[in-house]
Amino acid sequence: MNEILFLFHILIVFAFLIFSLKMGKEFLFSFIILQSILANLFVLKQMNLFGFEVTCSDVFAVGAMLGLNLLQEFFGVEFAKKAIYASLFFALFFCGMSLFQIFYIPSVHDINHCHYNAILSVEPRIIAASFFTYFVVQFLDLKFYAFLKKVFKKHYFIIRNSFSLVLFQLIDTILFTFLGLWGLVASVSDVILMSFFIKLLIIFVLSPLVLLFVKVFKKWNILNLN
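So the sequence shown is numbered by numbering that gives the first Met the number 0: it starts at 0 and just counts up by one.
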């Protein structure tokens, strides 16, 4: 059951990503910010997938990085850099506002405070590791993707994009596992292998689809590049 939901999850993120690209840089900019918040919000939810125990945030993390690559590809590195700063700004705002919801004393009729508290007052180490890893990896990807774009002279989009995604999702997985989960899980290596395997599946499903639609958009000149 989870495998079917996982496939639909990837396809829905892909559909919104492509629609955001078609609508222009503001839509894609907003999509990246939302994906970054969702990735950090759902990082603690775990599920069984293909016999592995993984988090539910991997699709959002890959979607955000893919969106960042597309933003840089079509709208430039400076605008992509602004998207990372904006993601950090609004992620911090989200965390701050979450604290208010936890600190408010609930009424005697409230039945949801315990659920909000369980989600929003999670272990600080894990959340800090998640945010730190996400933004470090995004900045590294930004620089490396710009380098690949220059080396390949803006050609071979699928190679540049896939290589960048695979490399930095591996770094993301290793960094977060050591910072957030070291000492909390039985086998760090198993967690890294399982999580990276799932991210590879997401990348190899998304990348060809994105390439196809980018080619269609370019051919029919329907990208809003303003």
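Even glycine gets a Cβ: it sits at the ideal position worked out from N, Cα and C.
- With a cutoff of 8 Å on beta-carbon distance, leucine 164 and valine 61 are scored as near each other.
- Around the beta carbon of alanine 63, a 10 Å sphere encloses 16 or more other beta carbons of the protein chains shown; the residue is thus reported as buried.
- With a cutoff of 8 Å on beta-carbon distance, glutamine 71 and leucine 27 are scored as not near each other.
- The three-state secondary structure of methionine 22, taken from DSSP, is helix.
- In this structure phenylalanine 49 touches glutamate 2 by the C-beta definition: roughly 7 Å separates them, less than 8 Å.
- Going by C-alpha positions, leucine 180 is about 42 Å away from valine 215.
- Restricting attention to Ala145, Met22, Thr176, the CA atom closest to the CA of glutamate 77 is found in Ala145.
- For threonine 172, the uninterrupted alpha helix (DSSP H) run begins and ends at 156 to 175, by DSSP.
- Note that the C-beta distance between phenylalanine 59 and glutamine 34 is below 8 Å.
- Collapsing the DSSP output to three states places leucine 139 in a helix.
- Around the C-beta of glutamine 137, 16 or more other C-beta atoms lie within 10 Å, and the residue is accordingly described as buried.
- Between the stretch 166 to 173 and the stretch 124 to 139, the count of Cβ pairs shorter than 8 Å is three or higher; the stretches touch.
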